Amino acid sequence: MSRVEIMLCGFSACSACRWCWGPGCLPALPTQPGSFTLLSHKWGEEVMGLLQNLPSPAFSFTDTHSLFYNFTVDPHPSPGELWCVVQGQVDGNFFLSYHCGGTKIQSTSPLGEEMKTTNTWETQTEPLRNIGDFLKGQLPDIIPEKHTARGPLTLQARMTCHCEEDGHISGSWQFGFNGEMCLRFDSENGHWTIDHSRGRQIKEKWENDRAVTDFFKKVSMGDCRAWLQDFMVCWEKMLKTSASPTTGPPTVQSMATAIKSKSWILPMVLTSFIIFS
C-alpha cells in the first residue's frame, strides 16, 4: 500500500513559514531551503477540529503577498482516515481547511472568517476537489515501481500564486520525494528544472503531457490568481476598518487595483512542514 502526500504551495512572503497538523504534532526545526521535514502524525477526522483551534498569528500586510494551498493525498486511506486534506495559507498564515470529499470549506482563523464573507469563498470548493482528484490520478505514473517493495514513497507537491507590489502575479510548483525537493515547474514559461535525480522520472512523464502542464498552469495562474485578487479586496477593507483616521493607509491599499489592471497571461519557494504517518 502506497501513501502519497501532496502539498500545494509556493513562493511565500514569509520565509520561515512552518505548519503541522494532527494530534501529537511536534515543533519542527528549520531545514535548509528546498527541503522538507517529515514527522509522524495520526490521520483522522479530528484533523479539522484541531485546525480550528490552532492559534493564528497576526496577519501582516507587506508589499508582496502569496496565496497557497497545502494538499495531503492518501490514495489508500485506512478506515476513518481522510484521503485528501487541504490547508490554505496567505503570507504564511492559515485561513482555511477542507477535505476533498466534503461540501464545505472551513475557516481556521479570524482572517478566514473575514474571507468567508466573500463570494470567492465557496467557489474554491470544486477546484480544490478537482485538484485532489487530478493529483491522485497522476500517482501511478510518477511512483517508481521498484520502490514500492521497499515501503511507501511520499511525494510532496507545492504550488502558489505570488503577487508583487506592482500587481504582477507569478506561479510555480515544486515536487519532492520523501522530504527532498527534486523538481520545479515554472507556470509562466513552462520550464521544468531537476534539482535531484529522483525528479527525472516525473519530468519525463509530465514534460510532454500537455494535459498535465496546462492543468498546472491553469490552477496556479487562473484559479489561484482570481482568488488572490478577490481576497486582496477583502484585506483592504480590513485595513481601512482598523486604520486610524489620522494615519495614512498602508501601501497595500492599491494592490487589488494594480492586480485587476493587469491583463492575464497564461504563462514557489515555500517552507512548511508536513506531519505524516
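According to mature numbering (1 follows the signal peptide of the UniProt record, and there is no 0), the stretch in the sequence shown is residues -16 to -1, 1 to 261, in order. For glycine and all other residues, C-beta sits at the position ideal for the given N, C-alpha and C. Values in this document were obtained by computation on a predicted structure and should not be read as measured data.
Discussion item. Under 8 Å, with one C-beta from each stretch per pair, do the segment 62 to 78 and the segment 149 to 168 reach the 3-pair mark?
Written reply: no
Discussion item. Give me the residue from Lys88, Asp75, Thr87, Gln71 with the minimum Cα distance to Ser81.
Written reply: Translated into the one-based positions of the sequence shown, residue 81 becomes position 97. Nearest C-alpha to Ser81: Gln71.
Worksheet item: For the alpha helix (DSSP H) that contains Glu98, what are its first and last residues?
Response: On the sequence shown, position 114 is the one that residue 98 refers to. Here the alpha helix (DSSP H) through Glu98 covers 94 to 99.
Practice prompt. Kindly indicate which residue of Thr92, Phe200, Gly151 has the alpha-carbon position closest to the one of Asn77.
Written response: Locating residue 77 in the sequence shown gives position 93, counting from the first residue. Measuring from the Cα of Asn77, the nearest candidate turns out to be Thr92.
Worksheet item: Is DSSP giving Gln213 helix, strand or coil here?
Response: Locating residue 213 in the sequence shown gives position 229, where the first residue counts as 1. Three-state DSSP puts Gln213 in a helix.
Worksheet item: Do Thr144 and Ser50 have their C-beta atoms closer together than 8 Å?
Response: Taking the sequence shown and counting its residues from 1, one reaches residue 144 at position 160. Taking the sequence shown and counting its residues from 1, one reaches residue 50 at position 66. Taking C-beta atoms as the reference points, Thr144 and Ser50 count as a pair closer than 8 Å.
Worksheet item: Just the Cα atoms here: how many angstroms apart are Ser44 and Glu98?
Response: Locating residue 44 in the sequence shown gives position 60, counting from the first residue. Locating residue 98 in the sequence shown gives position 114, counting from the first residue. Here Ser44 scores only 49 on pLDDT, less than 50, and its place in the model is too uncertain to base an answer on.
Worksheet item: Rounded to whole angstroms, how far is the Cβ of Leu167 from the Cβ of Lys187, which I believe are closer than 8 Å?
Response: Translated into positions along the sequence shown, residue 167 becomes position 183. Translated into positions along the sequence shown, residue 187 becomes position 203. Leu167 to Lys187, Cβ: 6 Å. Contact.
Fill in: Backbone CA spacing between Thr225 and Asp170 [nearest angstrom]
What you label residue 225 is simply residue 241 of the sequence shown in a count that begins at 1. What you label residue 170 is simply residue 186 of the sequence shown in a count that begins at 1. Cα to Cα, Thr225 sits roughly 37 Å from Asp170.
Practice prompt. State the DSSP-derived secondary structure class of Glu164, mapped to helix, strand or coil.
Written response: Here residue 164 refers to the residue found at position 180 of the sequence shown. Of the three classes helix, strand and coil, the one that applies to Glu164 here is strand, per DSSP.
Item to complete: Could you spell out where the beta strand (DSSP E) holding Asn77 opens and where it closes?
Response: Taking the first residue of the sequence shown as 1, we reach residue 77 at position 93. Segment 77 to 83, the beta strand (DSSP E) holding Asn77.
Item to complete: Please report the residue range of the alpha helix (DSSP H) in which Asn114 lies.
Response: Counting from one through the sequence shown, the residue named residue 114 turns up at place 130. Taken as a continuous stretch (DSSP letters only), the alpha helix (DSSP H) holding Asn114 covers 109 to 126.
Practice prompt. May I have the straight-line CA-CA distance separating Lys246 from His60, to the nearest angstrom?
Written response: Sequence index remark: in the sequence shown, residue 246 carries index 262 (1-based). Sequence index remark: in the sequence shown, residue 60 carries index 76 (1-based). Legend: pLDDT at Lys246 = 41, less than 50; position of this residue unreliable, value from coordinates given subsequently. Distance between the alpha carbons of Lys246 and His60 is about 42 Å.
Practice prompt. From the DSSP output, in three-state form, read off Thr102 for me.
Written response: Numbered from 1 along the sequence shown, position 118 holds the residue referred to as residue 102. Residue state, collapsed to three classes: coil.
Fill in: N-terminal and C-terminal residue of the beta strand (DSSP E) that Gly72 is part of
Position 88 of the sequence shown holds residue 72. In the DSSP assignment, Gly72 falls within the unbroken beta strand (DSSP E) covering 68 to 74.
Worksheet item: In angstroms, rounded to a whole number, what distance separates the CA positions of Asn114 and Met222?
Response: Start at 1 with the first residue of the sequence shown, and residue 114 comes out as number 130. Start at 1 with the first residue of the sequence shown, and residue 222 comes out as number 238. Roughly 31 Å separates the two Cα atoms.
Worksheet item: For Gln90, which beta-bridge partners are listed by DSSP?
Response: Taking the sequence shown and counting its residues from 1, one reaches residue 90 at position 106. Bridge partners of Gln90: Ser81.
Worksheet item: Just how far apart, CA to CA, sit Arg142 and Gly163?
Response: Stepping through the sequence shown from its first residue, residue 142 is reached at position 158. Stepping through the sequence shown from its first residue, residue 163 is reached at position 179. Each residue's CA atom was taken as its position, placing Arg142 and Gly163 some 12 Å apart.
Worksheet item: For Arg182, which option in Met165, Glu191, Asp193, His152 has the closest C-alpha, if you only look at C-alpha atoms?
Response: Taking the first residue of the sequence shown as position 1, residue 182 is located at position 198. Taking only the C-alpha atoms, the option nearest Arg182 is Met165.
Practice prompt. Starting from Ser154, follow its DSSP beta bridges and name the residues at the other end.
Written response: Taking the sequence shown and counting its residues from 1, one reaches residue 154 at position 170. For Ser154, which the question treats as bridged, DSSP gives the partners His146.
Item to complete: May I ask you to report which of helix, strand or coil DSSP gives Asp207?
Response: As a working mapping, residue 207 is identified with position 223 in the sequence shown. If DSSP states are grouped into helix, strand and coil, Asp207 belongs with the helices.
Worksheet entry | Straight-line Cα distance separating Ser154 from Asp179 | Position 195 of the sequence shown, counting from 1, holds the residue named residue 179. Position 170 of the sequence shown, counting from 1, holds the residue named residue 154. Computed Cα separation, rounded: 20 Å.
Fill in: Cβ shell of Cys84 (< 6 Å), same chain only, five flanking positions each side left out
Position 100 of the sequence shown, counted from the start, is the residue given in the question as residue 84. For Cys84, where only same-chain residues beyond five positions count, the Cβ hits under 6 Å are Cys68, Arg113, Gly116.
Discussion item. With H, G and I counted as helix, E and B as strand and the rest as coil, what does DSSP make of Thr225?
Written reply: Counting from one through the sequence shown, the residue named residue 225 turns up at place 241. The answer is helix: DSSP assigns Thr225 an H, G or I state.
Worksheet item: Taking just the CA atoms, how far does Gly96 sit from Val203?
Response: Taking the first residue of the sequence shown as 1, we reach residue 203 at position 219. Taking the first residue of the sequence shown as 1, we reach residue 96 at position 112. Cα to Cα, the separation comes out at about 21 Å.
Discussion item. Between the alpha carbons of Asp214 and Gln73, how many angstroms are there, rounded?
Written reply: Looking up residue 214 in the sequence shown gives position 230. Looking up residue 73 in the sequence shown gives position 89. Roughly 15 Å between the two C-alpha positions.
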